[in-house]
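Asks: Quick one: the structure is below, questions incoming.
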Amino acid sequence: MNRIKLAGMICLLGTACTAAPLQADTGQLPDDSVYHLDSEWRSQEGTELMLSELTGRPRLLSFVYTYCEHTCPMIVARLKMITDALSDSERGQMQVTLVSLDPERDTPSRMKAWLVEKDLESRDWLMLHGNPDEVLEFAAMLGVRYRPMGESDIAHSNMITLLDRQGVVRYQSKGLGDDPADVIEAIESTVTESE
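This is the structure we're talking about:
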């Protein structure tokens, strides 16, 4: 009896594994995709886009703000270190996406200037600006917590999230002390799945 159950479970698992690529081919997002969030954003170029337009490439995603002088520079340095550890092929298949936690001050032009200042414009990084409600909803969806502190600071999670090409969370580092080898391994696996 147990062998029959095991065989049935293996068949179901095999069916589930083969169903995932079919879902991608039909253009439908998996139920657990963050790209279902129906909100409009602006890039550092001022281009309007929906999160669903980000499909097609795995992404390393983090929430930062350009006036941050404490942890955001460390998050950016960590993202640089992680992407520099990838092969050219892996790096070319994915994109780093930063979401501003300060939509009032981080206008598209400010974000673009900040990316230039941090020498990130040549890295094909994307920075998103949304209204406060959209930022809050997206952050909550990924478990990112933040709150204003004083007039210009924002206390926030130092999380780096890896999304697959359909916006499904594949890995989350909870802090800056996590081993970067773990996220690099997750990226390599996710990029391989995307090929």
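Count the sequence shown with mature numbering (1 follows the signal peptide of the UniProt record, and there is no 0) and you get residues -24 to -1, 1 to 171, in order. Heads up, the beta-carbon is just placed ideally off N, CA and C, and yes, glycines get one too. Please read these numbers as outputs of a predicted model, since none were measured by experiment.
#1: Helix, strand or coil for M50, going by three-state DSSP, please let me know.
#2: Thinking C-beta only, is D140 closer than 7 Å to L166?
#3: Just checking my contact of T137 with H105 at CB under 8 Å: how many whole Å lie between their CB atoms?
#4: Would you tell me roughly how many angstroms separate the C-alpha atoms of L(-12) and Q142, rounded to the nearest one?
#5: Terminal residues of the continuous alpha helix (DSSP H) containing A131?
#6: Cα separation between Y11 and V145?
#7: If contacts are defined as beta-carbon pairs under 8 Å, then S65 and I51 qualify, I think. What distance do you get, rounded to the angstrom?
#8: Buried or exposed: T23, going by 16 or more other Cβ atoms within 10 Å of its Cβ?
#9: Thinking just about the alpha-carbon of each residue, which of D158, L30, L118 is nearest to the one in Q69?
#10: Distance, Cα to Cα, Y122 vs P6?
#11: Within a Cβ cutoff of 7 Å, which residues of the same chain sit near P79, ignoring the five residues on either side of it in sequence?
#12: Which residues does DSSP list as the beta-bridge partners of F114?
#13: With a floor of 3 residues, list each beta strand (DSSP E) that falls wholly inside the segment 16 to 91, ordered by position along the chain.
#14: Considering only the alpha carbon of each residue, which of M103, A162, S9, D95 lies closest to L25?
#15: For S28 and A131, what's the separation of their Cα atoms in angstroms?
#16: Indicate the three-state DSSP secondary structure (helix, strand or coil) for R99 in the structure shown.
#17: When the Cα atoms are used, what is the spatial distance from R54 to L152?
#18: Mind checking M57: buried by the 16 CB within 10 Å criterion, or exposed?
#19: Measure the alpha-carbon distance for S133 versus L96 and round it to whole angstroms.
Replies: Inspection of the coordinates gives the following:
#1: As a position in the sequence shown, residue 50 is number 74, starting the count at 1. The answer is helix: DSSP assigns M50 an H, G or I state.
#2: For this step, residue 166 is matched to residue 190 along the sequence shown. For this step, residue 140 is matched to residue 164 along the sequence shown. It is worth fixing the name first, because residue 166 is Thr in this sequence and not Leu. Yes, Cβ-Cβ distance for T166 and D140 is below 7 Å.
#3: Taking the sequence shown and counting its residues from 1, one reaches residue 137 at position 161. Taking the sequence shown and counting its residues from 1, one reaches residue 105 at position 129. No, T137 and H105 are not in contact; Cβ-Cβ is about 18 Å, not under 8 Å.
#4: Here residue -12 refers to the residue found at position 13 when the sequence shown is read from its first residue. Here residue 142 refers to the residue found at position 166 when the sequence shown is read from its first residue. With a pLDDT of 32 at L(-12), under the threshold of 50, the predicted position of this residue should be treated as unreliable, and no value is reported.
#5: Counting from one through the sequence shown, the residue named residue 131 turns up at place 155. Unbroken run through A131 is the beta strand (DSSP E), 129 to 132; no alpha helix (DSSP H).
#6: For the purposes of this step, residue 11 is identified with residue 35 of the sequence shown, where counting begins at 1. For the purposes of this step, residue 145 is identified with residue 169 of the sequence shown, where counting begins at 1. For Y11 and V145, the gap between their C-alpha atoms comes out near 11 Å.
#7: By one-based count along the sequence shown, residue 65 stands at place 89. By one-based count along the sequence shown, residue 51 stands at place 75. Incorrect: roughly 25 Å between the Cβ atoms, too far for contact.
#8: As a first step, residue 23 must be located in the sequence shown, where it is residue number 47. Per the 10 Å Cβ criterion, exposed.
#9: As a working note, residue 69 is residue 93 in the sequence shown. The residue with the shortest Cα to Cα distance from Q69 is L30.
#10: Numbered from 1 along the sequence shown, position 146 holds the residue referred to as residue 122. Numbered from 1 along the sequence shown, position 30 holds the residue referred to as residue 6. Per the coordinates, the alpha-carbon of Y122 lies some 27 Å from the alpha-carbon of P6.
#11: The residue given as residue 79 occupies position 103 in the sequence shown. Take P79, set aside five residues on each side of it, and the residues of its chain with a beta-carbon closer than 7 Å to its own are H105, G106, N107, P108, V111, in chain order.
#12: As a position in the sequence shown, residue 114 is number 138, starting the count at 1. Residue pairing for F114: DSSP places it in no beta bridge.
#13: Whole beta strand (DSSP E) segments, 3+ residues: 16 to 19, 24 to 26, 35 to 40, 71 to 76.
#14: Position 49 of the sequence shown, counting from 1, holds the residue named residue 25. When each option's Cα is compared against that of L25, the closest is M103.
#15: Sequence index remark: in the sequence shown, residue 28 carries index 52 (1-based). Sequence index remark: in the sequence shown, residue 131 carries index 155 (1-based). If I take the Cα positions, the gap works out to 28 Å.
#16: By one-based count along the sequence shown, residue 99 stands at place 123. Residue state for R99 is assigned as helix, using DSSP reduced to three classes.
#17: In the sequence shown, counting from the first residue as 1, residue 54 sits at position 78. In the sequence shown, counting from the first residue as 1, residue 152 sits at position 176. For R54 and L152, the distance between alpha carbons rounds to 8 Å.
#18: Locating residue 57 in the sequence shown gives position 81, counting from the first residue. Under this definition M57 is an exposed residue.
#19: Here residue 133 corresponds to residue number 157 of the sequence shown, with the count starting at 1. Here residue 96 corresponds to residue number 120 of the sequence shown, with the count starting at 1. Distance between the alpha carbons of S133 and L96 is about 22 Å.
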